[in-house]
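For the sequence shown, full-length UniProt numbering gives the first residue as 1, with consecutive numbering after it.
Backbone N, C-alpha and C fix where the C-beta goes; we use that ideal spot for every residue, glycine too.
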Amino acid sequence: MLVKRILTALVLAAAATAAVLLLPATYFSLFIALITLAAAYEWMLLTDVTKLGSKILFLLALIVPMLGVTYWTVLLELTSEAMEWPEIKDYSDALEWFVILPVSFWILTMVLIRKTSPQLLSMEFKPRFKAFIGWMVLLGAWMFLSKLRAYYGTGMVLYFLILIWAADISAYFAGKTWGKEKLAPEVSPGKTVQGMYGALASAALCGLGFAIYGWLTANEPAETQDSSLRFLGGLVWTDMLILSVMTVLVSIYGDLFFSLVKRKKGVKDSGNLLPGHGGILDRVDSVIAAAPFFYAGILLIGRIFYS
């Protein structure tokens, strides 16, 4: 089972890395959109959306905003011409404010799972509420991972993915080796506090490694640097280290959130598409939670630095 899991993880990591490095921003966004829609289908299975009309409506509720975000500047241009309202172009950054919603949700989720996970398991939620939560977290993950690639370059996306992958691996082996105290036993009995510490330690090392890499490449000509390094050239590297650790902490509770949803449904995995890993949601649950938080951190650090 472990061998199958490792082989699947290597194939997925290679595919994701190739997509980040080789695909233009628009095609990378499309690639992420397809994964998001597959995850949305699994979310519907977990939340008992069985009617065909409801499934189509949920998918359309994701696809239409995806198109709107992708062509946002074009829409503003058309609106400006049609309404003779040139000032509307000043709202090109308005979509950035949407990051507040998923970030707030994941911070609240961390607190609730840590403090009240037994109560959450016993609570019943209305179908519309579950649909909204799924829509919000999936759209947020797609949107801000796409924006991370478009605005900050391949290097930043690759760092984000390595950060999450390293945390997952470290949590697994630290938990297996030293794990004694359960992190959230009612939700996911296999996860331990020691595993969480292993993940956070790997995040700190990733942040340190990013700082060293930035320092080594700081004197390279601007035209040869990745856009993410040009952006971070003057940043305080401790900010990046703290953001890395906090992002991994959010990713851990993103994993626990989807474990809670699966436990309420009475299933172990969200699907069986990926050998040794279950479904799409089982593989990208950490990324879904971490992407908006990481993007918000990069955005905030950049605005503070350049203000």
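TODO: Excluding the 5 residues preceding and the 5 following Ile113 in the sequence, name in chain order all residues of the same chain whose CB lies nearer than 8 Å to its CB.
DONE: For the purposes of this step, residue 113 is taken as the residue at position 113 of the sequence shown. Once the five neighbours on either side are set aside, the close Cβ partners of Ile113 are Leu120, Ala184, Val187, Tyr253, Leu256, Phe257 and Leu260.
Task: Start and end residues, beta strand (DSSP E) containing Gly190 - done: Sequence index remark: in the sequence shown, residue 190 carries index 190 (1-based). Taken as a continuous stretch (DSSP letters only), the beta strand (DSSP E) holding Gly190 covers Ser188 to Thr192.
Open item on the list: I'd like to check one pair, Ala291 with Ala141: are the Cβ atoms closer than 9 Å?
Closed with: Position 141 of the sequence shown, counted from the start, is the residue given in the question as residue 141. Position 291 of the sequence shown, counted from the start, is the residue given in the question as residue 291. Taking 9 Å as the Cβ cut-off, Ala141 and Ala291 qualify as a contacting pair.
Open item on the list: Am I right that Ser202 and Ala166 are in contact with their C-beta atoms under 8 Å? What's the rounded C-beta distance?
Closed with: As a working mapping, residue 202 is identified with position 202 in the sequence shown. As a working mapping, residue 166 is identified with position 166 in the sequence shown. That belief holds up - the Cβ atoms of Ser202 and Ala166 are roughly 4 Å apart, short of 8 Å.
TODO: Assign Gly140 to one of three DSSP states: helix, strand, or coil.
DONE: Looking up residue 140 in the sequence shown gives position 140. Residue state, collapsed to three classes: helix.
Task: Bridge-paired residues (DSSP) for Leu274 - done: For the purposes of this step, residue 274 is identified with residue 274 of the sequence shown, where counting begins at 1. Answer is Gly278.
TODO: Answer yes or no: do Tyr41 and Lys55 have a C-beta to C-beta separation smaller than 9 Å?
DONE: Sequence index remark: in the sequence shown, residue 41 carries index 41 (1-based). Sequence index remark: in the sequence shown, residue 55 carries index 55 (1-based). Contact flag set, yes.
- [ ] Specify the secondary structure class of Leu183 as computed by DSSP and reduced to three states.
- [x] Taking the sequence shown and counting its residues from 1, one reaches residue 183 at position 183. Of the three classes helix, strand and coil, the one that applies to Leu183 here is strand, per DSSP.
- [ ] Take the Cβ of Ile164 as the centre, count every other Cβ of all protein chains shown within 10 Å, and call the residue buried at 16 or more, exposed below.
- [x] Translated into positions along the sequence shown, residue 164 becomes position 164. With at least 16 other beta carbons inside 10 angstroms of its own, Ile164 counts as buried.
TODO: Examine the Cβ distances between the region 31 to 46 and the region 263 to 271 and report whether three or more of them are shorter than 8 Å.
DONE: yes
Open item on the list: If you reduce the DSSP assignment to three classes, tell me which class Tyr306 lands in.
Closed with: For the purposes of this step, residue 306 is taken as residue 306 along the sequence shown, with counting starting at 1. Residue placement at Tyr306 is flagged as unreliable, the pLDDT there being 49, under the threshold of 50; a coordinate-derived value is accordingly withheld.
- [ ] Could you pull out every residue in the same chain whose Cβ sits closer than 8 Å to the Cβ of Leu205, ignoring the five residues on either side in sequence?
- [x] The residue given as residue 205 occupies position 205 in the sequence shown. For Leu205, where only same-chain residues beyond five positions count, the Cβ hits under 8 Å are Ala166.
Task: Cβ shell of Leu158 (< 8 Å), same chain only, five flanking positions each side left out - done: In the sequence shown, residue 158 corresponds to position 158, counting from 1. If we look at Leu158 and ignore the five residues flanking it on each side, its Cβ neighbours are Thr17, Val20 and Leu21.
Open item on the list: Using a Cβ distance threshold of 8 Å, determine whether the region 237 to 246 contacts the region 24 to 39, with at least three qualifying pairs required.
Closed with: The answer is no - the region 24 to 39 does not touch the region 237 to 246, with fewer than three Cβ pairs under 8 Å.
Task: Contact with chain B by Lys115, beta-carbon distance below 9 Å - done: In the displayed structure, chain B is absent; only one protein chain is listed.
TODO: With DSSP as the reference, label Lys4 as helix, strand or coil.
DONE: What you label residue 4 is simply residue 4 of the sequence shown in a count that begins at 1. Lys4 falls in the helix class under three-state DSSP.
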